[in-house]
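Trainee: In the numbering used here, the protein residues as written are -18 to 151.
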């Protein structure tokens, strides 16, 4: 039921509706061999239809939750990019040279991401792809965003963010 498409569900409901209608007609005119058995089968069919509808609604809700999470992540990324553009426009980045992920930037004092245990070149490049190029930015990033960028658990992401916050405090 969980993998059933909406069109399959509708088709099954239509088939069940026809069976129920036919069975009700037989019971109503007294043609069913055992009316009690016919009614019991109808009750089972109705219960099955309710279960299928509930499963379809749950699948729809889960798909909606995943879609909403993806949209939220993209919105967060847009906000981060807008913030970076505004910093650049305001001149706060004028004294900085273009950097490679995790490198020091022209005397600005940015701390290397590699200073956090467990962050190597691969993790560093994934963070940089998401706009997180130093410890200061990492310390201001949500754990969920870090987990999403790195494909790790929120608990592990929380460790990285916590360590970044500790290092930026001095």
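Every residue gets a Cβ at the ideal spot worked out from N, C-alpha and C, and that includes glycine.
Keep in mind it's a predicted model, so treat the numbers as computed, not measured.
Would you mind stating whether residue 119 and residue 108 have Cβ atoms separated by less than 8 Å?
Mentor: yes
Trainee: Tell me which same chain residues have a C-beta within less than 6 Å of the C-beta of residue 81, skipping the five on either side of it?
Mentor: Legend: pLDDT at residue 81 = 45, less than 50; position of this residue unreliable, value from coordinates given subsequently. So no residue of the chain qualifies.
Trainee: Run through DSSP, which three-state label would residue 49 get?
Mentor: helix
Trainee: How about the stretch 17 to 25 and the stretch 37 to 52: do they share at least three Cβ pairs that are nearer than 8 Å?
Mentor: no
Trainee: Which term fits residue 142, buried or exposed, when burial requires 16 or more other beta carbons within 10 angstroms of its beta carbon?
Mentor: buried
Trainee: Under a three-way DSSP split, which group does residue 149 fall into?
Mentor: helix
Trainee: With respect to the alpha helix (DSSP H) encompassing residue 134, which residues constitute its N-terminal and C-terminal limits?
Mentor: Run containing residue 134: none; DSSP gives neither H nor E here.
Trainee: Could you please give the first and the last residue of the uninterrupted alpha helix (DSSP H) stretch that includes residue 109?
Mentor: 102 to 110
Trainee: When the Cα atoms are used, what is the spatial distance from residue -8 to residue 110?
Mentor: 46 Å
Trainee: Only counting the same chain, and skipping five residues up and downstream in sequence, which positions put a Cβ closer than 8 Å to that of residue 104?
Mentor: 94, 131
Trainee: May I ask you to report which of helix, strand or coil DSSP gives residue 0?
Mentor: helix
Trainee: Using CA atoms only, rank isn't needed, just tell me which of -14, 125, 18 is closest to residue 39.
Mentor: -14
Trainee: When we look at the beta-carbon of residue 35 and count the other beta-carbons within 10 Å, is it buried (16 or more) or exposed?
Mentor: exposed
Trainee: At a threshold of 7 Å, does residue 32 count as lining the ligand GTP (C-beta to nearest heavy atom)?
Mentor: This structure does not include the ligand GTP; it has no bound ligands of any sort.
Trainee: When the Cα atoms are used, what is the spatial distance from residue -11 to residue -4?
Mentor: 11 Å
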